[in-house]
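Participant: Under this note's numbering, the first residue of the sequence shown is numbered 6, with each subsequent residue one higher.
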Amino acid sequence: MAQVENRDPSRDYRVVPWTDLGTIPGLATLPGQTMAELEAELKALPDGIWGVALVHGERVAATGLVVDREIPSRGLRRLAQLTPDPGEPAEEVLRLVHWAEEDGQRLGAQHLHVSLPREKKLSVLLQIRGYRLVETFLQLRQDGLLRRTPPLPDRVQERGIEAVDVDAFLAVSNEAFKNIPGSLPLTAADWERLASSPEFFPDLVRVLVDPEGPIGFLRGTLAPDGKGEVEAIGVLTRARGRHLGLYLLRRCEELLRSRGATHVELFVASSNSRAVKLYQSEGYTVVLRHDMWGRKLDLERAVSGRA
Numbered sequence: 006m007a008q009v010e011n012r013d014p015s016r017d018y019r020v021v022p023w024t025d026l027g028t029i030p031g032l033a034t035l036p037g038q039t040m041a042e043l044e045a046e047l048k049a050l051p052d053g054i055w056g057v058a059l060v061h062g063e064r065v066a067a068t069g070l071v072v073d074r075e076i077p078s079r080g081l082r083r084l085a086q087l088t089p090d091p092g093e094p095a096e097e098v099l100r101l102v103h104w105a106e107e108d109g110q111r112l113g114a115q116h117l118h119v120s121l122p123r124e125k126k127l128s129v130l131l132q133i134r135g136y137r138l139v140e141t142f143l144q145l146r147q148d149g150l151l152r153r154t155p156p157l158p159d160r161v162q163e164r165g166i167e168a169v170d171v172d173a174f175l176a177v178s179n180e181a182f183k184n185i186p187g188s189l190p191l192t193a194a195d196w197e198r199l200a201s202s203p204e205f206f207p208d209l210v211r212v213l214v215d216p217e218g219p220i221g222f223l224r225g226t227l228a229p230d231g232k233g234e235v236e237a238i239g240v241l242t243r244a245r246g247r248h249l250g251l252y253l254l255r256r257c258e259e260l261l262r263s264r265g266a267t268h269v270e271l272f273v274a275s276s277n278s279r280a281v282k283l284y285q286s287e288g289y290t291v292v293l294r295h296d297m298w299g300r301k302l303d304l305e306r307a308v309s310g311r312a
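1) Quick check: the Cα distance between I166 and V291, rounded to an integer number of angstroms?
2) From P203, R123, A105, L131, pick the residue whose C-alpha is nearest to that of P96; which is it?
3) Would you mind stating whether I29 and E75 have Cβ atoms separated by less than 9 Å?
4) Measuring only the C-alpha atoms, how far is A173 from F205?
5) Suppose you measure from the CA of G299 to the CA of A228; what does that come to, to the nearest Å?
6) Over the uninterrupted beta strand (DSSP E) stretch that includes F222, give me the two end residues.
7) Assign H118 to one of three DSSP states: helix, strand, or coil.
8) Take the Cβ of T267 as the centre, count every other Cβ of all protein chains shown within 10 Å, and call the residue buried at 16 or more, exposed below.
9) Do you know how far the Cα of D159 is from the Cα of D1?
10) Would you list, in sequence order, the uninterrupted beta strand (DSSP E) runs of no fewer than 3 residues that lie entirely inside the region 215-285?
11) Counting only the same chain and skipping the five closest in sequence on each side, list residues whose C-beta sits under 7 Å from that of G109.
12) Measure the beta-carbon distance from S275 to F142 and round it to whole angstroms, keeping in mind my assumption that it falls under 8 Å.
13) Quick test of your reading: R224 and E163, contact by CB under 8 Å. State the CB separation rounded to the nearest angstrom.
14) Check whether the Cβ atoms of Q144 and R294 lie closer than 9 Å to each other.
15) I need the DSSP call for P22, collapsed to helix, strand or coil.
16) Give, in chain order, every unbroken run of the beta strand (DSSP E) that is at least 3 residues long and sits entirely within the region 85-156.
17) Which residues bound the beta strand (DSSP E) around R164?
18) Is the Cβ-Cβ distance between V235 and G221 less than 9 Å?
19) Are the CB atoms of V177 and P219 within a distance shorter than 9 Å?
20) Given that a residue counts as buried once 16 or more other Cβ atoms are within 10 Å of its Cβ, and exposed if not, what is R134?
21) Suppose you measure from the CA of G250 to the CA of V21; what does that come to, to the nearest Å?
22) For the alpha helix (DSSP H) that contains D172, what are its first and last residues?
23) Going by DSSP, name the residue or residues bridged to D296.
24) Express the C-alpha separation of D90 and V65 in angstroms, rounding to a whole number.
25) Can you give me the C-alpha to C-alpha distance between D296 and A244, rounded to a whole angstrom?
26) Rounded to the nearest angstrom, what separates L50 and L191 at their Cα positions?
27) Tell me the rounded alpha-carbon separation between D195 and S188.
28) Short of 7 Å in beta carbon distance, which residues of its chain neighbour L138, apart from the five on each side in sequence? Order them along the chain.
Here it is in structure tokens:
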């Protein structure tokens with residue numbers, strides 16, 4: 006894990022790993038977040054991904070996920086899910102980005118990607134700092150609509166995750182998402198941690214197989230507030246063109262509703278026009294846009310703030 010330092014003691018802002026937040030007496034988390042939720046998310050994070058918070062006095066000013074897994078192979082660090090307190094000035098939230106730049110360079114990162122819900126002031130400040138828009142992710146939601154799950158093609162069967170070799174399942178998952186922006190390959194250790202999450206239910210993971218082996222999968226999650234999420238659906242290239250994506254989407258919705266989901270959400274890269282078209286045809290509407298900004302790291306510019 007990277008070294009975390011206080012950038013500005015005089016203003017009482019500091020960057021703190023999620024693992025240390027519980028040691029700060031009386032700390033107030035972001036609206037809508039609880040310490041228990043942060044701890045649960047932390048336990049499920051794959052190796053090479055860890056949470057950080059920008060703390061101001063006795064409250065959390067912003068949180069984010071640091072992804073360092075691609076520094077050795079691509080020289081890329083990511084600051085994902087940057088979530089500021091709604092009342093925090095954008096200029097102060099940028100402190101967390103400054104820290105990610107400098108700490109990333111210390112670890113050998115050459116590029117930084119920053120992902121956050123679309124926010125005009127922060128977007129302008131990032132552009133001034135030399136960032137350019139890399140991708141936009143759409144957060145889509147569907148309320149109430151439940152369509153019939155179509156039948157599977159001949160010689161294709163659906164199985165539970167317990168009936169499929171985990172390594173074979175991960176191979177399909179990684180192959181299906183290898184060219185999707187923002188995605189990371191999962192290892193067996195990653196899967197073990199995901200499966201330990203309180204929002205993980207084995208019956209919300211299903212795999213499609215044909216005589217040659219696994220060809221597709223779905224993975225859903227259900228939050229305590231009733232929000233269901235189609236976390237992932239994927240189909241191997243050799244099996245596409247058979248409407249399996251539609252099957253997996255409706256099947257995941259069906260499973261989530263059967264567990265009490267009040268609505269269903271999912272995320273998709275806006276550049277994945279084929280998937281966006283499918284989801285919109287199924288009654289999903291955009292509720293939020295999340296932008297991924299990127300820049301090449303340069304120590305002098307990172308310290309001075311020049312673009």
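All C-beta atoms, glycine included, are put in the ideal place defined by N, C-alpha and C.
Facilitator: Looking at the atomic coordinates:
1) To locate residue 166, count along the sequence shown from 1; it is residue 161. To locate residue 291, count along the sequence shown from 1; it is residue 286. Inter-residue distance for I166 and V291 is about 30 Å (C-alpha atoms, whole angstroms).
2) As a first step, residue 96 is located in the sequence shown; it is residue number 91 there, counting from the start. Pro is not the amino acid found at residue 96; the sequence shown has Glu there. Taking the Cα of E96 as reference, the smallest distance to any Cα among P203, R123, A105, L131 is reached at L131.
3) As a first step, residue 29 is located in the sequence shown; it is residue number 24 there, counting from the start. As a first step, residue 75 is located in the sequence shown; it is residue number 70 there, counting from the start. When the beta-carbon positions are compared, I29 and E75 stay at least 9 Å from each other.
4) Walking along the sequence shown from the start, residue 173 turns up at place 168. Walking along the sequence shown from the start, residue 205 turns up at place 200. Just so you know, the alpha carbons of A173 and F205 end up roughly 19 Å apart.
5) Within the sequence shown, residue 299 is the residue found at index 294, counting from 1. Within the sequence shown, residue 228 is the residue found at index 223, counting from 1. A228 has its alpha-carbon roughly 31 Å from the corresponding atom of G299.
6) Counting from 1 along the sequence shown, the entry for residue 222 is found at position 217. F222: member of the beta strand (DSSP E) spanning 218-227, first to last residue.
7) Residue 118 sits at position 113 when you count from the first residue of the sequence shown. Looking at H118 - three-state DSSP - the assignment turns out to be strand.
8) Working through the sequence shown from its first residue, we reach residue 267 at position 262. Result: exposed.
9) This structure cannot settle anything about residue 1, because the visible part of the chain is limited to 6 through 312.
10) Along the length of the region 215-285, whole beta strand (DSSP E) runs at least 3 residues long occupy 218-227, 232-240, 268-274, reported in chain order.
11) Taking the first residue of the sequence shown as position 1, residue 109 is located at position 104. Around G109: R82, L117, L302.
12) Numbered from its first residue, the sequence shown carries residue 275 at position 270. Numbered from its first residue, the sequence shown carries residue 142 at position 137. Sure, about 7 Å apart at Cβ, within 8 Å.
13) Indexing the sequence shown from 1 puts residue 224 at position 219. Indexing the sequence shown from 1 puts residue 163 at position 158. 13 Å between Cβ atoms; not a contact.
14) In the sequence shown, the residue the question calls residue 144 occupies position 139. In the sequence shown, the residue the question calls residue 294 occupies position 289. A contact, by the Cβ cut-off of 9 Å.
15) By 1-based counting over the sequence shown, the position of residue 22 is 17. In this structure, P22 counts as strand in the three-state DSSP scheme.
16) Listed in chain order, they are 116-122, 137-147.
17) To locate residue 164, count along the sequence shown from 1; it is residue 159. Taken as a continuous stretch (DSSP letters only), the beta strand (DSSP E) holding R164 covers 162-165.
18) To locate residue 235, count along the sequence shown from 1; it is residue 230. To locate residue 221, count along the sequence shown from 1; it is residue 216. No, the pair does not count as a contact, with Cβ atoms beyond the cut-off.
19) Within the sequence shown, the letter at position 214 stands for residue 219. Within the sequence shown, the letter at position 172 stands for residue 177. Yes. Within cutoff.
20) Indexing the sequence shown from 1 puts residue 134 at position 129. R134 should be labelled buried.
21) Counted from its first residue, the sequence shown places residue 250 at position 245. Counted from its first residue, the sequence shown places residue 21 at position 16. Rounded to whole angstroms, G250 to V21 spans 41 Å at the Cα level.
22) The sequence position of residue 172 within the sequence shown is 167, counting from 1. D172 -> alpha helix (DSSP H) spans 171-181.
23) Residue 296 sits at position 291 when you count from the first residue of the sequence shown. L121, T141, per the DSSP bridge assignment.
24) On the sequence shown, position 60 is the one that residue 65 refers to. On the sequence shown, position 85 is the one that residue 90 refers to. Annotation: V65 to D90 spans about 7 Å, alpha carbon to alpha carbon.
25) Taking the sequence shown and counting its residues from 1, the one referred to as residue 296 is at position 291. Taking the sequence shown and counting its residues from 1, the one referred to as residue 244 is at position 239. Cα-Cα distance, rounded: 31 Å.
26) The residue you call residue 50 lines up with position 45 of the sequence shown. The residue you call residue 191 lines up with position 186 of the sequence shown. Looking at the two C-alpha atoms, the distance is approximately 11 Å.
27) Counting from one through the sequence shown, the residue named residue 195 turns up at place 190. Counting from one through the sequence shown, the residue named residue 188 turns up at place 183. Computed Cα separation, rounded: 13 Å.
28) The count along the sequence shown starts at 1 and reaches residue 138 at position 133. Cβ-Cβ distances below 7 Å link L138 to D296, W298 in the same chain, with the five nearest sequence neighbours on each side left out; the list follows chain order.
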